[in-house]
Each structure stands twice: as C-alpha cells, then as structure tokens.
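Numbering follows my numbering, in which position 9 of the sequence shown is assigned residue number 9; successive positions increment by one, without gaps.
First up is the structure itself, then whatever we jot down about it.
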Amino acid sequence: MLEDRSRTLGRDHPHTLYTRHALAWVLGQRGHLAAAEAEYRAALDGQIRLLGEEHPHTRSTSRALGDLLRRIESQPATGAESGRQSVP
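Pasting the structure below:
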C-alpha cells in the first residue's frame with residue numbers, strides 16, 4: 001500500500017506520510033523496531049518539510065518516534081535490532 005500511495009500521490013503527500021506512520025506503528029507492534037524507527041523517521045522528515053514542526057500530524061509522529069526510541073533503549077542489548085540508526 002505504501003508503494004502504491006508513493007507512486008500515485010507522491011512520497012510527501014499527506015496520505016502517503018500517514019500510511020508510512022501507520023506502517024511504522026504496525027512494525028513496532030510486531031517487534032521490528034529498527035524498521036519501525038526508519039519508517040517513523042521518513043514520515044517525520046516528510047511531515048516537517050510539508051506541514052512544519054508544529055502541525056498536529058508532525059507532533060504525533062514525533063511523539064510516536066520518541067516512544068519507540070524509549071522502548072528500544074529500555075531493551076537489553078541483544079544485537080537483535082543492530083540496524084538501528086543513531087539519534088540525531
């Protein structure tokens with residue numbers, strides 16, 4: 001679905017960014033934390049460019065990313081999510 005939205009609407013369309021946020025949530029729920037982080041970051045980057053930092057959607061994604069990062073940090077270092085990007 002994300003590929004379809006990106007192709008038809010564009011990667012920075014609000015619906016595409018919402019889909020990316022939703023995908024990140026699902027990935028996080030399934031335990032794919034590094035992939036979820038990457039999707040949240042991509043959604044957030046687009047939302048900042050398109051909507052600005054104070055828009056409710058941008059703030060929601062920022063909070064979700066923060067929650068995910070706290071979840072990642074609270075886990076024991078097992079190497080399972082070694083592909084995680086560093087926090088800016």
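Even glycine gets a Cβ: it sits at the ideal position worked out from N, Cα and C.
Does DSSP put residue i in a helix, a strand or coil?
| i | result |
| --- | --- |
| PRO76 | coil |
| ASP12 | coil |
| GLY46 | helix |
| TYR52 | The amino acid at residue 52 is misidentified as Tyr; the sequence shows Gly. Note: GLY52 maps to coil in three-state DSSP. |
| LEU69 | helix |
| ARG41 | helix |
Just checking my contact of residue i with residue j at CB under 8 Å: how many whole Å lie between their CB atoms?
| i | j | result |
| --- | --- | --- |
| LEU44 | ALA35 | No, LEU44 and ALA35 are not in contact; Cβ-Cβ is about 15 Å, not under 8 Å. |
| LEU65 | ARG41 | 7 Å |
Quick one, which of the options has its alpha-carbon nearest residue i's?
| i | options | result |
| --- | --- | --- |
| LEU17 | ARG30, GLY31, THR8 and LEU2 | LEU2 |
Please work out which residues of its chain come closer than 6 Å, Cβ to Cβ, to residue i, disregarding the five sequence neighbours upstream and downstream, and give them in chain order.
| i | result |
| --- | --- |
| LEU9 | HIS15 and THR16 |
| LEU23 | LEU2 and GLU39 |
| ASP12 | GLY46 and LEU50 |
| ARG70 | none |
Residues in the same chain with beta-carbon distance under 7 Å from residue i, minus the five sequence neighbours each way, listed in chain order, please.
| i | result |
| --- | --- |
| SER47 | Strictly speaking, residue 47 in this sequence is Gln, with Ser absent from that position. Counting only Cβ-Cβ distances below 7 Å, and skipping sequence neighbours, we find LEU17, HIS55, HIS57, THR58 and THR61. |
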